[in-house]
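Worksheet for the structure shown next.
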Amino acid sequence: MIKTIIRPISELSKRMADVEAFAIDQDTPVHLTKNGSNHMVIMSSSHYEKLSAKISMYENLLRSEAEIRQGKSLPLDTAMTDIDQYLKERIHEQSGQQVSG
716 MIKTIIRPIS
726 ELSKRMADVE
736 AFAIDQDTPV
746 HLTKNGSNHM
756 VIMSSSHYEK
766 LSAKISMYEN
776 LLRSEAEIRQ
786 GKSLPLDTAM
796 TDIDQYLKER
806 IHEQSGQQVS
816 G
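Position in the sequence shown counted from 1, then plus 715, gives you this note's numbering.
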């Protein structure tokens, strides 16, 4: 569960360093309110990157589930064989490039 911190936006101008330190030290978003309503969120860039990675992963999972429902998936043994072949080809290409480079 994501921890929610709510502060009035007036704190931003008065105590930016404290809000920034809290967001970074606690690794949690800080919700700022304006006139009693949620107005904006401040978070560390590392928290944003983690959140973006999760969203991307969930999007990929949803896309994969849709492909499975549409019959666009491969049996596991076929997929593993394809992956092994792909990796062997990539290793062969890289070793060929290193020799000629």
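Glycine included, C-beta positions come from ideal geometry on N, C-alpha and C.
Taking the straight line between their C-alpha atoms, what separation do you get for Ala781 and Asn775?
10 Å
Rounded to a whole number of angstroms, what is the C-alpha to C-alpha distance between Ala732 and Val756?
15 Å
Shortest alpha-carbon distance to Lys718 belongs to which of Ser752, Gln741, Gln800?
Gln741
Which value, in whole angstroms, describes the spacing of the CA atoms of Ser752 and His746?
For Ser752 and His746, the distance between alpha carbons rounds to 10 Å.
Report the start-end ranges of each beta strand (DSSP E) in the stretch 777 to 808 that is 3 residues or longer and not cut off at the edges.
none
What separation, rounded to the nearest whole angstrom, lies between the Cα atoms of Arg784 and Leu777?
The straight-line gap from Cα to Cα measures roughly 11 Å.
Determine the direct distance from the alpha carbon of Ser760 to that of Thr793, and round the result to whole angstroms.
40 Å
For Ile757, write down the residues that DSSP places opposite it in a beta bridge.
Val745
Considering Ile739, what are the terminal residues of the alpha helix (DSSP H) in which it resides?
Following the DSSP letters along the chain, one finds Ile739 inside the alpha helix (DSSP H) bounded by residues 725 to 740.
For Pro744, does the count of other Cβ atoms within 10 angstroms reach 16, so buried, or fall short, so exposed?
Flag for Pro744 reads buried.
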